[in-house]
Each structure stands twice: as C-alpha cells, then as structure tokens.
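Residue numbers (my numbering), protein chains in the order written: chain L, 1 to 233; chain Y, 1001 to 1233. Even glycine gets a Cβ: it sits at the ideal position worked out from N, Cα and C. Keep in mind that this is a model prediction, so the values were computed, not measured. Just below is one structure, and these are the notes that go with it.
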DNA sequence: GCTGTTTCGTTGTATTTCCAACCGATCCGT
DNA sequence: ACGGATCGGTTGGAAATACAACGAAACAGC
C-alpha cells in the first residue's frame, strides 16, 4: 500500500483497495471514479494515538490502510479491554456510522503508526451522477459484511446462551456438522481455541468431550469429529 | 394492514408499510413508485406451514405483513429451538439474503395464518431509472437495521463472554451506566428478565447483586441502580 | 536420536452455579 | 380486608465449573 497512485493520497494503491472487503468486486479502472465520488479523507496516527473516542457520534466509516488499530472498551471503573484488532483492509466504526445519534461504546487506538481512510456514510449511500454502478457494489459489500458479522455473532451467541459446557459443545458441533452437510467434519480450532470461543475452561471442556465420547454420542481425533445419531447408538 | 390499497396485493396498506423498519422515512406518496420498482411477491401461509427451510439458499428478504412467523433452529439430533418471533412489520432472512451461497441455518414457520412479503435482494440494491431516491432510503434502512442488530449482539456477547455471574452483571450494568451517561440509571428488565438476558440463574444472580451491594460496589432498588466509583467507597 | 514445545487428556480440590423451595413485600381487583 | 399473583431475596444441597498441576503423545529443528 506504500506505492504510487492517486485517490487523493499518494500512499494508497488501487491494487490494495480492490482486495479489501469494502471495495471487493470493483476493478482498478473503476476505482478512481468511485474514490473521487465518495471523497474519503486520510489521517495518520502515531502509535497509541486515539483514532476514535468512546462517546463520540461518528458518521464516517474507517478503514485501516497501514499499521494496526485496536478496538478497546473501557468500563465504568476504567478497566480496559481489547475487543478486536483491525489490520490493513479492515473496517471499523461501520455499525455506528450508519446510526446517527448512537454514541460510540468503544475507542479505537493506533497500535502502531497507522494510516486510516475515513469515508462519510452519506457519501456511500447517496447517489451521484456518474458512479451509481460502483455505489451499488459498495453498498452490496457493506450489507454483505454486516450480514456476515451478524450471522457469526448470532451463531456464537446461540452456543454461549447454553448453560452447561456439554450443551455449548453440542450446539457448536451440531452447527459445524450442519454447515459441513455431514456427520463427519473438521473444526477450525484446537482445544484451547475452542474453549476460548465457547468461553469455558479448556480442561473441563476436554473432560466433557471425552465423557460424551465414552457415552457414544460422538467420536473425534484431534480436530476431526463424528457425531452419532441415535440410530447408531 | 387488511385494507384497500395497491402494491400488487390488495391486503397491504401503505399506511402500514411506511411504519415498518424497512420503509420508514418514505411517504405514502412515494411508496407506490418504490413498491412497483422492487416488485415484491406475496404469499399466504397456513398455520404451521413452512415459510423457509433450513438448508435453502435464499436471495429474498421476507417481511411479515399479518400473522406471525417463528424462526426456529433444528440441531443435528432434531431438537427444535425457537430463536425469535417475527411480528407484522418484522423482517426475516435479511442476513442470508445478502449472502449468496450462505445456506439457511434456521427455518421459518407460520405460527398463525400469515401473509408474507418477499423482496428480492437485488431489487433493493440495483438502481432503476425512476426511484433512486427511494432506493437510497431503503438501503439506509437496511444498513441501519443490520447495524442496530449488530450492536445489540455485540453488547450481549461482551457480557456473556464473562465467566462469572458477577462479571456478567458488572459488564451489563457498566454498559447501561455509560449509555445513560450517569452512575444512576434504570434498566429495562426485572430480575427474571435480566437473568434470562445474561443466561444465568435468577436466584444466583439476585444473590450476587446483594453481595455486591453489601460490599459497597453498588446500590439498587428494583430496576434502579447506582454504581459506586472507588472514590465513594 | 535428542530436546524443547505444543497439544490433549486426566485428576483432585476449591469455587461457583444451578435448582427447588420458601418467605415477605407489593400490587391488584373485588 | 381478603385472596391471588408477581416480584425479589434467601437458603441448602446437588451438580457443574474453574483452576492448577501433571503426564503422555506428537511434532519440529537440529
């Protein structure tokens, strides 16, 4: 992304942008028109500098161009909590930017010296004379990203709302099985990562998995699982 | 909604539509053009009839016009779980419709005799000659709804990812306090509802609340809370 | 083959949570 | 004032979970 090009900022290449989730599906030929139309602004941040502050009312979506941003939450007593990392190409503030009046519940801080692109939400939505086709693509991408995040959150929540470790595991594994369309499937986590995802203790989870295996509910080997239907029992 | 009007279906009134989250902000004068442009289809369902089936790949967003739909999830072993109710004006399938190739993980069933409006996702996004301004409003509403849901899910998840009941409570109460902009605030739940929201046992939660009150962390009376900063201790 | 690391299962104990049940306070309509 | 219902706090025992620690197996680099 540190290359020659336009977009109002010489450090942002179209080759980089067209691969981001926001601009995916546009060609390098289309980008100049689109970028010209949505008129992004650019800002550089030093390490540990605040990009967005809790309590602000933002109307622009941010995208990390280079460096890295951290989304952090500060509670009533001042305890800080890192929610997520935003790497080059990642968006931030996209949920708040489309909800005028909704105050930021998180802060965004540059974890390294970073370049950030800010795009006003209205520029993404309102129709201009020339670039409607590209706008459509932009909006599609935004909706798709939002929908994807929504599904991921809904799924995680549906597992976490279960009370016991066993139920959480079965909810997760059942979902993976249905997604794979088979009773045999691989999961993308090792035990520690799965425990973190389900917010339970690793050893307790491991224990529960083995109990279920001994009861004949399922079998597994590393990250490969096999759910047994009652007929197989 | 059982009234005289157009929209390709005589049972759907513009007065009803303009109040829904999807069409909010449009006037009754604009609606005929917009509706004509997005070309929704209508289907009636008998009680207990399936509207959408788990495993389908949908490209249309649904809206309940009359009756009631239930979003249900069926796991690997066939256990059914009611995820949500969709009342007149509510959307369903909106996350999946914008993600081609993403197969439905839930089913939607009519809990009562229901009339449903189906709008193809492409019709909402693609630009037509006449109604661009209305399209923009539609897309704004969609993005806003998606963003709102996103924030609600993220918040709930941030509380539920805490391991103990005490941490869950503090996370929730801290968030409510920050949202209210005051250390004194009201919550929209009674004890049972709060316990359900945080997925914990009511009596254990009540216990924990009283312990924290005795420790001087906070005070409360019914649904009114007061968080104490360390200075006040 | 050796060694350090990672991963996963296992165990025991302390802690926490769940569950069922009960009680007092409050609110409601009559 | 009287039942009935709802709500919130309390309690005790059963069950589940967290936590710390250990050991075996698999793996990577040398």
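Within the same chain, Cβ atoms closer than 8 Å to the Cβ of residue 1171/Y are found at 1158, 1159, 1162, the five residues on either side in sequence being excluded. Taking 9 Å as the CB threshold, residue 1154/Y lines the interface with chain L.
Check the Cα spacing between residue 1103/Y and each of 179/L, 116/L, 98/L, 173/L: the tightest is with 179/L. Shown here for residue 1200/Y: same chain residues with a beta carbon closer than 6 Å to its own, the five before and five after excluded, namely 1165 in chain order.
Neighbours of residue 1075/Y in chain L, taken as residues whose beta carbon is under 8 Å from its own, are 170, 171, 174, 175, 178 in chain order.
Within chain Y, the residues placing a beta-carbon under 8 Å from that of residue 126/L are 1136, ordered along the chain. By the criterion of a C-beta distance shorter than 6 Å, residue 168/L is surrounded in its chain by 159, 162, 198, once the five residues flanking it on both sides are discounted. The way I'd put it, the segment 72 to 90 of chain L doesn't touch the segment 138 to 148 of chain L; fewer than three beta-carbon pairs between them come closer than 8 Å.
Rounded to whole angstroms, the separation of the alpha carbons of residue 1224/Y and residue 1184/Y is 7 Å.
Closer than 9 Å to the CB of residue 92/L there is not a single CB belonging to chain Y.
For residue 1100/Y, the closest alpha carbon among the candidates 38/L, 105/L, 208/L, 148/L is that of 148/L. Taking all protein chains shown into account, residue 1026/Y has 16 or more neighbouring C-beta atoms within 10 Å of its C-beta and is therefore buried. For residue 1016/Y, the enclosing alpha helix (DSSP H) begins and ends at 1014 to 1017.
The beta carbon of residue 1150/Y falls within 9 Å of a beta carbon belonging to chain L, placing the residue at that interface.
Comparing C-alpha distances from residue 144/L to each of 1122/Y, 1134/Y, 1156/Y shows the shortest one belongs to 1122/Y.
Per DSSP, reduced to three states, the secondary structure at residue 1229/Y is coil, with no helix or strand assignment. The criterion of a C-beta distance shorter than 9 Å is satisfied by residue 1052/Y and residue 1093/Y. Within chain Y, the residues whose beta carbon sits less than 7 Å from that of residue 227/L are 1076, listed in sequence order.
In this structure, the straight-line span from the alpha carbon of residue 1222/Y to that of residue 1209/Y is close to 11 Å. In chain Y, no part has a C-beta under 9 Å from the C-beta of residue 202/L; the shortest such distance is about 13 Å.
Taking C-beta atoms as the reference points, residue 1195/Y and residue 1110/Y fail to come closer than 9 Å. With a contact defined as Cβ atoms closer than 8 Å, residue 65/L and residue 83/L miss out at about 21 Å. Taking a beta-carbon distance threshold of 9 Å, residue 16/L does not count as an interface residue toward chain Y. Any Cβ of chain L closer than 9 Å to the Cβ of residue 1162/Y would place that residue at the interface, and such an atom is present. Neighbourhood of residue 144/L in chain Y, by CB distance below 7 Å: 1098, 1099, in chain order. Taking a beta-carbon distance threshold of 9 Å, residue 1037/Y does not count as an interface residue toward chain L. For residue 196/L, the uninterrupted alpha helix (DSSP H) run begins and ends at 191 to 198, by DSSP.
Given a length threshold of 3 residues, each whole run of the beta strand (DSSP E) inside the segment 73 to 153 of chain L is given here in chain order: 80 to 86, 107 to 110, 114 to 120.
The beta-bridge partner set that DSSP reports for residue 1220/Y consists of 1225/Y. Among the CB atoms of chain Y, one or more fall inside 9 Å of the CB of residue 105/L. In the DSSP assignment, residue 68/L falls outside any beta strand (DSSP E) and carries neither an H nor an E. At a cut-off of 9 Å between beta carbons, residue 183/L contacts chain Y. Put simply, the backbone Cα of residue 218/L is about 32 Å away from that of residue 1085/Y.
Annotation: residue 1190/Y to residue 1214/Y spans about 20 Å, alpha carbon to alpha carbon. Contact with chain L is found for residue 1083/Y, since one of that chain's Cβ atoms lies less than 9 Å from the residue's Cβ.
Per DSSP, residue 213/L is one residue of the alpha helix (DSSP H) stretching across 202 to 214.
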